[in-house]
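Protein chains in written order, with this note's numbering: chain V, 1336 to 1617; chain L, 1336 to 1617.
All C-beta atoms, glycine included, are put in the ideal place defined by N, C-alpha and C.
Everything below concerns the one structure shown next.
Protein chains: 2
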Amino acid sequence: MTVTAARLGRMTHPGTADAVPPDGLTVGGAASVVGVTVRTLHHWDEVGLARPSQRTSGGHRLYDAADVARLHRVRLYRELGVPLADIGALLSAPTDDAEDSLRRQLDQVREHIRRLERSADALDRLIEARRSGILLSPEEQVEIFGERWDPSQQLQARDRWGDSEQWAQYAERAADRSPEDWRRIMADVEALHGDLATAVREGVRPGSERANALAERHRASMSTYFDCTRSMHACLARSFVDDPGFLTFYDDIEVGLAGWLRDIVDANALAHGVDPATATWT
Amino acid sequence: MTVTAARLGRMTHPGTADAVPPDGLTVGGAASVVGVTVRTLHHWDEVGLARPSQRTSGGHRLYDAADVARLHRVRLYRELGVPLADIGALLSAPTDDAEDSLRRQLDQVREHIRRLERSADALDRLIEARRSGILLSPEEQVEIFGERWDPSQQLQARDRWGDSEQWAQYAERAADRSPEDWRRIMADVEALHGDLATAVREGVRPGSERANALAERHRASMSTYFDCTRSMHACLARSFVDDPGFLTFYDDIEVGLAGWLRDIVDANALAHGVDPATATWT
DNA sequence: CTTGAACCTCACGCCACGTGAGGGGCCACG
DNA sequence: CGTGGCCCCTCACGTGGCGTGAGGTTCAAG
Chain V
1336 MTVTAARLGR MTHPGTADAV PPDGLTVGGA ASVVGVTVRT LHHWDEVGLA
1386 RPSQRTSGGH RLYDAADVAR LHRVRLYREL GVPLADIGAL LSAPTDDAED
1436 SLRRQLDQVR EHIRRLERSA DALDRLIEAR RSGILLSPEE QVEIFGERWD
1486 PSQQLQARDR WGDSEQWAQY AERAADRSPE DWRRIMADVE ALHGDLATAV
1536 REGVRPGSER ANALAERHRA SMSTYFDCTR SMHACLARSF VDDPGFLTFY
1586 DDIEVGLAGW LRDIVDANAL AHGVDPATAT WT
Chain L
1336 MTVTAARLGR MTHPGTADAV PPDGLTVGGA ASVVGVTVRT LHHWDEVGLA
1386 RPSQRTSGGH RLYDAADVAR LHRVRLYREL GVPLADIGAL LSAPTDDAED
1436 SLRRQLDQVR EHIRRLERSA DALDRLIEAR RSGILLSPEE QVEIFGERWD
1486 PSQQLQARDR WGDSEQWAQY AERAADRSPE DWRRIMADVE ALHGDLATAV
1536 REGVRPGSER ANALAERHRA SMSTYFDCTR SMHACLARSF VDDPGFLTFY
1586 DDIEVGLAGW LRDIVDANAL AHGVDPATAT WT
């Protein structure tokens, strides 16, 4: 057990007895001596944890020196996070039981700290993911996403879509992914790109069963990042040909892939009752 | 910002859309998919944070894929300790506001951790103080309490009085004392011993004003450790002569001090209406 | 005697649900 | 077509540790 120098801000137990006049203190006085509110003393009285040993004829509470000493003890354990019910037992328990109780309390506090530390870490990752899009070092990014990958693409993406709900959703999921997760995802994506390239070489026609299946696979792939509805998918399909970045990206995989991809996505959307011509980002 | 590997236990956002049948999920289904209780979903619905977009004719809640996605997002922030009211804002806030909110949340969590760490330290000290009586290294003990001090005296004291409320009170106060505090206390104690020795040499009579003042100073000195009533004081006075340890301790300061101390304490108690012959430990 | 501060006792509010009570809906098997 | 069993519904109170009034009484000083 370490005995560090840290202590809770200097408590006042100033010769307790001296500070209490012989006829006792009223609630307000006791409250300010002990350093809690009047309502708190009322509550401790209500639940029977620390009651004044006397009342005036008019019904006002009177705390004598022993009462105030007990209030101080209660406050001490309260500041350590011990529940009121346990404090009652602690104050009248034999030493060994009290020690067990304190150890359990300490364990709970430590466990609580661990949970909060994980929350803090997760929050940190989440904030970072919302800012930068991905939580990997530049080296890892190149290793996982390949030579063609430029880390600044993420920042451009954030500038363009950062205000959408989908970016938030993407960041929330990205914050929770490890390098291994990204590797798995990229393996799937590359397999898909391979299959798309094969299909476009083999002249698979948009609207065919095979094309629709591939379009759905592509949508599922996008849904790894954020929930991609068919309507969103159709919107994305338009930018595959309109956006130079997308166009280059897909046509570098296979000549003509961008346009063909838009076509199979549109046909697939239509097959599911979504008109790609009027599709909006919902 | 550190980007550590710690993450909350692998969340399931398993192609969300796929897991939700086209006609939506009932509360029970949604609850188990999202990993919360049915009552929680009812509550989120009640407060308007996450409501199902449909109901069956019979009034049953139906969560579609988008609803379930929102539930997942709410659960994420809930696990990070964000209050429900803030989550509502977070989910529909522009990126920058959301980031501020997350940072505030992170700050609060970190502050909470600091408070808990101080509590844990204080608990640690308290447990240690209850066990060993004093939180100083043997070297410090010898330096502060002098050569005559034997650290094992504390353990004997605990064996003898460890079950009393006063030992608990002593430990609670000792847990909060620094070496400087102990030095101040010992300076006072030694001054008192000096004055007692002088008085006994000068033949001050028990019951005299000066003797009573010294007895009260001695009682105040004991009250540094625990609230020492006049009744307790009279009990202690008996052991000053009956207990070989006490006897030696005081007579080493000045021959005859132990007996004289008992006498002035008794006389002082009597002067305050406490009969030392029948005094009990209260 | 009068002020004004401090005190009294209800009693509801908070936060995020847990835990029933009492009653209705849904689906499959007979 | 009934019936059993499981799921669902809406109240509505309980939890912890008080905060925050409302409406009335007591206390000490002037």
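task: From the DSSP output, read off the bridge partner residues of R1396 (chain V).
output: Residue mapping note: residue 1396 (chain V) aligns to position 61 of the first sequence, counting from 1. For R1396 (chain V), DSSP records a beta bridge to V:R1390.
- request: Compute the Euclidean distance between the alpha carbons of L1582 (chain V) and I1448 (chain V), then round it to the nearest angstrom.
  value: Position 247 of the first sequence, counted from the start, is the residue given in the question as residue 1582 (chain V). Position 113 of the first sequence, counted from the start, is the residue given in the question as residue 1448 (chain V). Straight-line Cα distance between these residues: approximately 50 Å.
message: What are the residues in the region 1447–1466 of chain L lying within 8 Å of chain V by C-beta distance?
response: H1447, I1448, L1451, E1452, R1453, S1454, A1455, D1456, A1457, L1458, D1459, R1460, L1461, I1462, E1463, R1465, R1466
field: Cα-Cα separation between G1510 (chain L) and S1436 (chain V), rounded to whole angstroms
entry: For the purposes of this step, residue 1510 (chain L) is taken as residue 175 along the second sequence, with counting starting at 1. For the purposes of this step, residue 1436 (chain V) is taken as residue 101 along the first sequence, with counting starting at 1. According to the sequence provided, residue 1510 (chain L) is Ala. The question's Gly does not apply to it. Answer to the nearest angstrom: the Cα atoms are 17 Å apart.
task: Taking only beta-carbon positions, decide if Q1504 (chain V) is within less than 8 Å of chain L.
output: What you label residue 1504 (chain V) is simply residue 169 of the first sequence in a count that begins at 1. Yes, Q1504 (chain V) counts as interfacial toward chain L.
message: Taking beta-carbon pairs under 7 Å, can you tell me which members of the region 1561–1577 of chain V lie near chain L?
response: D1562
- request: With a 10 Å radius around its C-beta and 16 neighbouring C-beta atoms as the bar for buried, classify D1353 (chain V) as buried or exposed.
  value: Mapped onto the first sequence, residue 1353 (chain V) falls at position 18. Bear in mind that a pLDDT of 49 at D1353 (chain V), under 50, signals an unreliable position, so the model cannot answer this.
query: Using Cβ-Cβ distances below 8 Å, what residues of the region 1360–1385 of chain L are close to chain V?
result: none
message: Based on DSSP bridge pairs, tell me the residues matched to L1360 (chain L).
response: Here residue 1360 (chain L) is taken as the residue at index 25 of the second sequence, counted from 1. Its beta-bridge partners are L:Y1398.
message: Going by DSSP, what residue range makes up the alpha helix (DSSP H) through S1436 (chain V)?
response: Counting from 1 along the first sequence, the entry for residue 1436 (chain V) is found at position 101. Looking at the DSSP string, the run of the alpha helix (DSSP H) that includes S1436 (chain V) is 1430–1467.
- prompt: Between which two residues does the alpha helix (DSSP H) harbouring Y1505 (chain V) extend?
  reply: The count along the first sequence starts at 1 and reaches residue 1505 (chain V) at position 170. Unbroken alpha helix (DSSP H) run through Y1505 (chain V): 1500–1509.
- prompt: Thinking C-alpha only, which one of L:R1438, L:L1441, L:V1409, L:Q1440 is nearest L1426 (chain L)?
  reply: Sequence index remark: in the second sequence, residue 1426 (chain L) carries index 91 (1-based). For L1426 (chain L), the nearest C-alpha among the options comes from L:V1409.
- request: Put L1419 (chain V) into one of helix, strand or coil per three-state DSSP.
  value: Translated into the one-based positions of the first sequence, residue 1419 (chain V) becomes position 84. Looking at L1419 (chain V) - three-state DSSP - the assignment turns out to be helix.
Inter-stretch contact (C-beta, 8 Å, three-pair minimum) for the region 1517–1524 of chain V and the region 1478–1497 of chain V: The answer is yes - the region 1478–1497 of chain V touches the region 1517–1524 of chain V, with three or more Cβ pairs under 8 Å.
message: Could you compute how far the alpha carbon of T1375 (chain L) sits from the alpha carbon of A1455 (chain V)?
response: Taking the first residue of the second sequence as 1, we reach residue 1375 (chain L) at position 40. Taking the first residue of the first sequence as 1, we reach residue 1455 (chain V) at position 120. Distance between the alpha carbons of T1375 (chain L) and A1455 (chain V): 24 Å.
field: Between the CA atoms of T1615 (chain L) and Q1504 (chain L) - distance to the nearest angstrom
entry: Residue 1504 (chain L) sits at position 169 when you count from the first residue of the second sequence. Residue 1615 (chain L) sits at position 280 when you count from the first residue of the second sequence. Cα to Cα, Q1504 (chain L) sits roughly 19 Å from T1615 (chain L).
Local conformation of R1408 (chain L) per DSSP, three classes: Here residue 1408 (chain L) is taken as the residue at index 73 of the second sequence, counted from 1. Looking at R1408 (chain L) - three-state DSSP - the assignment turns out to be helix.
message: Counting only C-beta atoms, is P1429 (chain L) closer than 8 Å to chain V at any point?
response: Mapped onto the second sequence, residue 1429 (chain L) falls at position 94. By this cut-off, P1429 (chain L) is an interface position.
Residue-level contact to chain L via CB, Q1440 (chain V), 8 Å cutoff: As a first step, residue 1440 (chain V) is located in the first sequence; it is residue number 105 there, counting from the start. Chain L, which has a Cβ nearer than 8 Å to the Cβ of Q1440 (chain V), makes this yes.
message: What residue range does the alpha helix (DSSP H) around A1522 (chain V) cover?
response: Counted from its first residue, the first sequence places residue 1522 (chain V) at position 187. Unbroken alpha helix (DSSP H) run through A1522 (chain V): 1514–1536.
- request: For R1408 (chain V), decide whether its Cβ has a neighbour in chain L, counting only Cβ atoms nearer than 8 Å.
  value: Here residue 1408 (chain V) is taken as the residue at index 73 of the first sequence, counted from 1. With 8 Å as the cut-off, R1408 (chain V) counts as an interface residue toward chain L.
task: Quick one: using the 10 Å Cβ neighbour count with 16 as the cut-off for buried, is A1420 (chain L) buried or exposed?
output: Reading the second sequence from its first residue, position 85 is the one you call residue 1420 (chain L). The C-beta of A1420 (chain L) has fewer than 16 other C-beta atoms within 10 Å across all chains shown, which makes the residue exposed.
message: Using the three-state DSSP reduction, which class does R1483 (chain L) fall into: helix, strand or coil?
response: Here residue 1483 (chain L) refers to the residue found at position 148 of the second sequence. Reduced to three states, the DSSP call for R1483 (chain L) is coil.
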